[in-house]
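So the structure is just underneath, and the comments pick up after that.
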């Protein structure tokens, strides 16, 4: 096996099953996050289960996005960021000294609030990740690109214009392209930070349907300020307020009979 | 932090309106039950006919409450307590409407039996009627006050009404065996007792819905009726 | 005086238009004047022949070649250094005080008079490094001169690349350098080219820095190595305008026109390249 071939093992390998469904992928224990002197997260503890959609809701500035970014160490990019507590992925501490952050971000992919396709062709966008990780052969790249675009429910819409600029796609298509991009590097966990907030309702529903399909093979964590989206799409929901995790449980329970009165006030729209 | 504050003032008002309408219908139906029993007791045909006429109004109230509830569900995306309240309102209104129907049945029976005096003064039926009325009132109050104690009380009373039903049924069947002239009257009175027992069941349903509204979990609170035929003793 | 709003707006536009005219007029006058007077003298012979008769006749070819070599060498040195420096400042450096001081230093360097650069180049490259009066010394000095320009323009261009593109790349598992190379730099190219254009213009036209470091009064042949002195158009213009007695006017105008045309031509090429790149990479 040549060097480049062995590297591609990490990219879109036959999906390694990971732990069984419902087993935790992420264990987060007592996570606190500081930006300089401000504390953004206060002792958050929760599990993210395999092949489930976990939603994080809460008013603006409650820390849910910071929490998400702690899961793939994107917080490292912020100069003053400091953390306490543990984040374990499949049992390994992702903040341990010597962790391969590049590999972490390959396994745990992120999609952002505003679609951010690179100003390149659709093909190059999706191929960006695999090329980064050493995939060279044209036919292999084409395979990966097609598979990823199919998984992202975008293939039919772009198969005729793979070499056109990604900037020509609509907002909803661009966001699905960003999802395809992440799938192309072989991520097992998808982190989505308010992925639909810049999109119209129909595009939003399309992406929600996509997430429900993706759940069969991937673990999804979605931050959303639209709690109705959380109720439509997620298996478990966590409510954040002021940097604390107030309540976390089965989505139906959180929305039908919340245990904490703050959660109750929030889901009923009485504050926020 | 979690107050019923300024946000969703209009929604809160709409939910209060819904509860008001439900209260009105419950009071209305309770009055129908009381009047139908009085018509039976006093053999008052005019009153009976008036109760029968009121059924249309009760049906209209049922439809109105259902429409309000649907509107809130479709337009307001209610969650948690609000959602449970609206779902409860829709269920309760059906039970109230059935109580109204049974009151009409009692009123019709009153009309039918008005021609002859009763073969014996009515004692047990009014007693059963009083308990049933009390159950309807208590169920209503438990809704207004969100009082779970009252809910349990209603469920306990249902057992008592059931016992009264069984004993009345046995007594009336005994009368019919002894004197075949009494069959017509006794059968009708038997049916009235049955109507009262069914009314009590619906009042219990209301109480159980109130419990769901408060706690969020569906429970079977009243003792389930075994599939009893007429062969119980 | 109570002017209506419409009237005020017309007055404002008129004033602004007048200012623009004031700015444009000297530029246009200069170009037209030099073109008219110089084009007559600038024929092929002028451009391709060596100067004769103590530069009173003949051509200015060595000066043209010398200028082209100087500009080329300067860009070769300044562009990579400047762009990489800008990359470091934008993508890697933190926000500490040291970085702030560095930026301050760069900005101030841009204001240093060019004759000071010339003397510095003399001391460092010509004397200390023993380059002598040479193409190498001239290029190094000019490179220092235009470096602040390149760095500042490149920094602006890099900053203009939206941060979300970097985030997207990093989130896919790219390192900072991979992100810079594959996403940021390609998209900053138009802006960086702008910096290069400005640098070219500056390098081609400066006289003082090359006075002490590269320019020769007269060289009978083209430079054979980077350590040879060269003739340069700005300096040559100065010479024939002031140092050569009885130099015919059309030679002087011709030289001025060639220098102007050269700078304009290089700028035009760079602008076309930038336009092409911009069109190919829409945001």
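Residue numbers (this note's numbering), protein chains in the order written: chain A, 580 to 851; chain B, 895 to 1127; chain C, 17 to 299. All C-beta atoms in this analysis are idealised placements derived from N, C-alpha and C, irrespective of residue type, glycine included. Computed from a predicted structure; not experimentally measured.
Under 8 Å between C-beta atoms of residue i and residue j
i                       : j                       : result
residue 1029 of chain B : residue 1052 of chain B : yes
residue 189 of chain C  : residue 713 of chain A  : no
residue 273 of chain C  : residue 58 of chain C   : yes
residue 924 of chain B  : residue 1031 of chain B : yes
residue 658 of chain A  : residue 111 of chain C  : yes
residue 635 of chain A  : residue 819 of chain A  : yes
residue 978 of chain B  : residue 1093 of chain B : no
residue 908 of chain B  : residue 990 of chain B  : no
residue 1007 of chain B : residue 920 of chain B  : no
residue 1097 of chain B : residue 993 of chain B  : yes
residue 777 of chain A  : residue 728 of chain A  : no
residue 304 of chain C  : residue 78 of chain C   : The question about residue 304 of chain C has no answer, for chain C in this structure spans 17 to 299.
residue 80 of chain C   : residue 249 of chain C  : yes
residue 210 of chain C  : residue 176 of chain C  : no
residue 934 of chain B  : residue 1004 of chain B : yes
8 Å Cβ cutoff, residue i in contact with chain A
i                      : result
residue 971 of chain B : yes
residue 975 of chain B : yes
residue 199 of chain C : yes
residue 98 of chain C  : no
residue 910 of chain B : no
residue 184 of chain C : yes
residue 111 of chain C : yes
Cross-chain neighbours of residue i in chain B, by beta carbon under 9 Å
i                      : result
residue 835 of chain A : 973, 974, 977, 978 and 1110
Chain C contact for residue i (CB, 8 Å cutoff)
i                      : result
residue 712 of chain A : yes
residue 689 of chain A : yes
residue 651 of chain A : yes
residue 707 of chain A : yes
residue 656 of chain A : yes
residue 629 of chain A : no
residue 685 of chain A : yes
residue 701 of chain A : no
residue 755 of chain A : no
residue 812 of chain A : no
residue 760 of chain A : yes
Length of the line joining the Cα atoms of residue i and residue j
i                       : j                       : result
residue 612 of chain A  : residue 276 of chain C  : 60 Å
residue 917 of chain B  : residue 1039 of chain B : 12 Å
residue 126 of chain C  : residue 166 of chain C  : 10 Å
residue 1076 of chain B : residue 1064 of chain B : 15 Å
residue 1068 of chain B : residue 1001 of chain B : 25 Å
residue 614 of chain A  : residue 799 of chain A  : 26 Å
residue 1113 of chain B : residue 1070 of chain B : 40 Å
residue 617 of chain A  : residue 662 of chain A  : 12 Å
residue 1017 of chain B : residue 980 of chain B  : 40 Å
residue 589 of chain A  : residue 604 of chain A  : Because the pLDDT at residue 589 of chain A is just 43, under 50, the model does not fix this residue reliably, and the value given afterwards should be weighed accordingly. Going by the C-alpha atoms only, they are around 18 Å apart.
residue 241 of chain C  : residue 113 of chain C  : 43 Å
residue 779 of chain A  : residue 751 of chain A  : 8 Å
residue 641 of chain A  : residue 21 of chain C   : 48 Å
residue 653 of chain A  : residue 735 of chain A  : 32 Å
residue 958 of chain B  : residue 849 of chain A  : 27 Å
residue 1044 of chain B : residue 1036 of chain B : 6 Å
residue 774 of chain A  : residue 761 of chain A  : 13 Å
residue 151 of chain C  : residue 253 of chain C  : 18 Å
residue 1010 of chain B : residue 932 of chain B  : 16 Å
Chain-ordered neighbours of residue i on chain E, where CB pairs are closer than 9 Å
i                      : result
residue 682 of chain A : Checking the listed chains, one finds no chain E in this structure; the protein chains it contains are A, B and C.
Partner residues on chain A for residue i, Cβ-Cβ distance less than 8 Å
i                      : result
residue 203 of chain C : 698
residue 902 of chain B : 847, 848 and 849
8 Å Cβ cutoff, residue i in contact with chain B
i                      : result
residue 843 of chain A : yes
residue 674 of chain A : no
Residue i burial status per 10 Å Cβ neighbour count (16 or more: buried)
i                      : result
residue 715 of chain A : exposed
residue 986 of chain B : buried
residue 961 of chain B : exposed
residue 911 of chain B : exposed
residue 699 of chain A : buried
residue 46 of chain C  : exposed
residue 651 of chain A : buried
residue 265 of chain C : exposed
residue 744 of chain A : buried
Neighbour list for residue i in chain B, Cβ cutoff strictly below 8 Å
i                      : result
residue 797 of chain A : Chain B residues near residue 797 of chain A: none, gap ~28 Å exceeds 8 Å.
beta-carbon residue i near the ligand SAM non-hydrogen atom, thresh 7 Å
i                      : result
residue 211 of chain C : The ligand SAM is absent from the structure shown, which contains no ligand whatsoever.
Contact list for residue i against chain C, beta-carbon separation under 8 Å
i                      : result
residue 693 of chain A : 180
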